[in-house]
Amino acid sequence: MQLQSIRHKREREQVKKPQLLVLLLSAALSAGFLCCFMTGLNLTAGKGGLLGGGLKGGLLFLWNEAADFLGNTHFLLLTKYQGAGEGCGLFLLIVWLLLSAVSYGFVRSGKWPFLLLYLIPFFAAQILWDIRSQPWAAALLLWAAFTAAVRPRLSESGGILAALLLLLLAGGTAAGVTLAAAGEEGALPSAEALSGRLHQAVEEARFGTNPRGDGSLQPADFDSQETALEIKMETPDSLYLKGFTGSRYKDGHWEPLSCSGYYQQNALFYWLHREGFSGLSQMEQIEQLLQKKGEHGSISVKNAGACRKYVYAPYELVGKTEPAAKSWSDSFLTAAGLSGAAEYRMETLPNMVKEWPSLAAELFTKKAGEELSRYRTNESHYNVRMYEDYSEVTDSQRKLLAENIGREGNQDKGHVDYKQAISAVQVWLEENFIYTERIRESEDKEDPVEEFFRSKKGCDVHYASAAVLMFRYYGIPARYVEGYLITPEDIEGKEPGDLISIPRSNNHAWPEIYIDSFGWVPLEVTPEYYDRMEQPDLSKGLENQGASDAQKDYDRQNTRQYVYTDPESRPEDESILWKAILLLAALDLLVLALAYGIAKLIQKLAYLRKRRKAFGDADPRKAVCAVYTYMRALKVPFTRAAREIGNRAAYSKCEISETDRSRMLEEWERMKRERHEKKRNRSGVGTAAGADGSRL
Amino acid sequence: MVLLLVLTAAGCSGNGAKSAKQEPKDIQAETAAYLLEQVPEPAVSSTGGEWTVIGLARGNIEVPADYYDIYYDNVRAAVKSGKGVLDERRYTEYARVSIALNAIGKDPTDVEGYDLLEPLCDYEEVISQGINGSIYALIAANTCGYELKGEKRHLKRILEAELDGGGFSFDGEGEVDADVTGMALQALAPYKEDEAAMKAAERSIEALSRMQQENGGFGESSETISQVIRGLSAAGVDPMTDERFIKGENGIVSALMEYWTGEGFSHEAGGEAELLATEQAMCALDEFVK
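Laid out in structure tokens, this is it:
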């Protein structure tokens, strides 16, 4: 009895140890996952310690922090909620406990595919979305996952050693994934560079590309007549359709402002839009203020071969596009959806950019009324932003410009006079450069703009880039734009509603400058394109006095300190919150079910593969033994033939031939059919299977 | 043992192509390949520019589709940004670029609205560069079929610079310079109706023959040999077979081949391939490789 109780006690202890390991791994797995999530999104637990924040308050606190992080890093705009607590300790604790309970089930089952639920989001976040967890959190998650995966296959004695080895493996993987390796000159590309290239490849696969390269200054495919956009216009007119807008020139290419830059301006643009002001449809506002009563016309655009990331909209845009596009601080529009903007509609005014100088003059000299004052107040806020964000000239750029075009002109009134600046830029480019599309990337990777200044040759992307820097040098906010032209030639003879095919060769690059009080206007600075679009008459309207007055207004506004309150958060709404939680829970279940299904499928496929291999073994004896073993699992009575061949293979030294194998396989198929019919009969489907008289 | 074998092979490989007897046409092809590799985009330049373009074009070498167009773009850019001025002082720039444009079928009298041969009509400016200025002004004008103002004055000046006994030098004094004499021959060659010019050319040929060394060369550089070959060819003398230029077993062409490295041509015997030497050699090869 004593021996029995000692044996039972040992058996119980042996049962306890694996259970403890399972509990430990479950806790570590969920803790690691949560810590990766928290550190990757730069979230904190806030105040109040482990029990701080309350359940709902903690959720909202975490949500709002995540919204800020995603807004700053990816310009992903999520609704923030009132009612957030000061911390989320309690919420995290509850989530960890729940997640540990779920993890316990996975770990105990020993089925490793479930661990993909933790690992796939982890790797995807690191590599695809630049969400970098702390190395220690990653190491914890990976160690727990690896150990859980191999746990069922480890012996007791080898377990500790294996766990240590796995810790090392996990640590190394974590370091490699979360930390940047050697820099640009190193043997291994940095994680950031790899991530950048992967992003680019994913974007190209999602959206396609434009010939000008969207800021890359590596254009190609100039003459492609492949259709980029299929357009139908209620009132056919020539227009500049804006796409990519570059704000910063860095490392030989143009890029927009940082996501955090756009996110920080979200409040400003929220209030401006509430006040009826939009940087994307300033022409519309001008037209209303000047009471021009221009006729709106609708445009439908089908993207047939252009990059689908951007929503190409004219400067004369009225209201919003349908479906609504995402506005990046009113500088350009992008589409939602996995594959971007396929089709959209919008309202537009007739071409106004060809007469912007006279319109600007009219606006400058218009007597102030309530509407105009309101517009000017709103515009003054916008104006400050435009100067802050789009006037950057680095020291090296300034030096390059000074060497080539001399001094930066008279900027006593804030910037060089518009007419003088535009004339200086256009004339200088026309007189000193030749247009050619035979541009190869230089072997020594010279900066494209510097090479343009040196070689005195380039195409529109170079002319536009140089012009943007020159305007900024002259104190005028400027941006680099790529988009498509609807030229007068394209619309010639077209009736309302006719299909207008815009080829990829209409892709073009141009600078746009900010005219105080008026808005952004495109300028043509590439001589080869002067005849392609109607050009504004710069001799009318850009009087010094008008510009000077507007500049004085800007100077007055600029001295104020603007403080923007955050836009009103959504009011506390419990139903929205619980709906969100339920939705998340449903999504989780769906993902779990999917993962389970995938795991089962993988398991089944592995089983079938193993069985096929065993049945096809080169040695007929081994094959027959394998079939015999699998037959037992079918739980269908053996036939005499199957039992005889099986026993002979398993227990005798008689020779087993290929004929025996074939016979055994026939029996196997027959027994499977019998089993299947049996199942059908139980469920009441089909006819009952007849008994086989030869069955023992 | 393996290292020894490898080193031996490496040592042999550099001279492998050279030591094996190669046909001039093969050498021309390999020289062209070297130039295309070294000069992916010819610029307006005395090296890596016009002479590469001239050598490849006159040799009818197959080049990348937009190779000459890229050179022409560079000329256009230089001319436009310089407001028609290639160089304030060295007027041979206009001559060299004009010859290159002519070689690729472009009109040097209309480049971004500028006539690149017109500055050569300024006699005083041209001769400020010495005898070279006059020589290249005539070469460019005759190559491009241009009616040069002061043409006769330039011709007269060249003839007056001839040394006693024939031949030419940079400053019109001292010993015969093979380089200058080769260039002068190219300038004089078109004037077949001018007796004085033809006699001066003949005397230059004799002078060159006299100064040719036993190894067939003319001094220490391959560029000089190349220039002489071009001058003789322009004057109607076959540099490969004319007995006046065969000394024992050595001729001019074989002397030039001594500078072939297997990739390109060197400046000095036994040296590494150099771009300028190879460009000049390519132009020389074009004269006798048909």
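Sequence lines, in order, name chains A and B. Here the working numbering is used: the first residue of the first sequence is 1, the next is one more, and so on. Here the working numbering is used: the first residue of the second sequence is 1001, the next is one more, and so on. Cβ atoms here follow ideal geometry from the backbone N, Cα and C, with glycine treated the same way. The model shown is predicted, which means the values in this text are computed figures rather than measured ones.
Residue from B:P1040, B:G1231, B:D1238 whose Cα sits closest to the Cα of B:Q1280: B:G1231
Contacts around A:T73, its chain only, beta-carbon distance under 6 angstroms, and the 5 residues preceding and following it disregarded: Answer for A:T73: C259, listed in chain order.
Below-7 angstroms beta-carbon distance, A:I513 vs any chain B residue: no
Per-residue contacts from A:T436 into chain B (C-beta, under 7 angstroms): D1073
Straight-line gap, A:R680 to A:L128 (C-alpha atoms, nearest Å): 48 angstroms
The region 1151-1161 of chain B contacting the region 1110-1117 of chain B, beta-carbon criterion three pairs below 8 angstroms: Taking a cut-off of 8 angstroms for Cβ pairs, the region 1151-1161 of chain B and the region 1110-1117 of chain B do not touch, as fewer than three such pairs fall below it.
Integer Cβ distance of A:L372 from A:R206, believed to fall under 8 angstroms: The pair is not a contact, with the Cβ atoms about 44 angstroms apart (cut-off 8 angstroms).
Burial state of A:R472, where buried means 16 or more other Cβ atoms lie within 10 Å: Buried is the call here.
Within 8 angstroms of chain B by C-beta, residues of the region 438-460 of chain A in sequence order: R438, R440, E443, S455, K456, K457
With 16 other Cβ atoms within 10 Å as the buried cut-off, status of A:S100: buried
Assumed close pair A:L241, A:Y484 - CB separation to whole angstroms, cut-off 8 angstroms: 5 angstroms
Neighbour flag for A:N404 against chain B, beta carbons, 7 angstroms: no
Beta-carbon neighbours of A:N432, restricted to chain B and to distances below 7 angstroms: K1080, S1081, listed in chain order.
Option in A:S517, A:A618, A:G616 with minimal Cα separation from A:P357: Checking every option, the nearest Cα to that of A:P357 belongs to A:S517.
Interface flag, B:A1029 vs chain A, CB-CB below 7 angstroms: no
Stretch-stretch touch, CB-based, cutoff 8 angstroms, three pairs: the region 1097-1105 of chain B with the region 1053-1073 of chain B: Result yes; three or more Cβ-Cβ pairs closer than 8 angstroms.
Contact set for B:R1076: own chain, Cβ-Cβ below 8 angstroms, skip 5 residues either direction: V1111, E1112
Residue ranges of each alpha helix (DSSP H) within the region 256-329 of chain A, 4 or longer: 259-264, 266-274, 282-289
Cβ pair A:A360, A:I515 closer than 7 angstroms: Yes.
Backbone CA spacing between A:F37 and A:W136 [nearest angstrom]: 12 angstroms
Chain A contact for B:A1077 (CB, 7 angstroms cutoff): So, interface residue.
Straight-line Cα distance separating B:T1181 from B:R1023: For clarity, residue 1023 of chain B is Glu in the given sequence; the question names Arg instead. Going from the Cα of B:E1023 to the Cα of B:T1181 covers about 28 angstroms.
Sequence-distant residues of its chain with Cβ nearer than 6 angstroms to B:A1140 (five each side left out): A1095, S1098, I1099
Contacts around B:V1002, its chain only, beta-carbon distance under 8 angstroms, and the 5 residues preceding and following it disregarded: Confidence in B:V1002 is poor, its pLDDT being 48 and thus under 50, which makes the residue's placement unreliable; the coordinate value appears in the next sentence. None.
Rounded separation between B:S1221 and B:Q1212 - CA only: 13 angstroms
Nearest residue (CA-CA) to A:F91, options A:L98, A:G54, A:V107: For A:F91, the nearest C-alpha among the options comes from A:G54.
For A:T526 and A:L429, the rounded distance between their alpha carbons: Going by the C-alpha atoms only, they are around 8 angstroms apart.
Proximal residues to B:E1214 (C-beta, below 7 angstroms), its chain only, five neighbours per side dropped: K1247, G1248, N1250
Whole-angstrom distance between A:A145 and A:C654, CA atom to CA atom: 49 angstroms
Of the listed residues A:I131, A:A402, A:R438, A:W112, nearest to A:N42 (C-alpha basis): Considering only alpha carbons, the answer is A:I131.
Neighbourhood of A:Y344 by C-beta distance below 8 angstroms, restricted to the same chain and skipping five residues each side: S300, V301, V311, T321, E322, P323, A325, A335
Euclidean distance between Cα positions of A:G46 and A:N64: 12 angstroms
Spatial distance of A:G52 from A:G213 (CA atoms): 50 angstroms
Classification of B:D1171 by the beta-carbon crowding that lies within 10 angstroms, buried from 16 upward: exposed
Beta-carbon proximity check, B:A1196 vs B:V1176, cutoff 7 angstroms: no
Cβ separation of A:I405 and A:M470, assumed to be a contact under 8 angstroms, to the nearest whole Å: 7 angstroms
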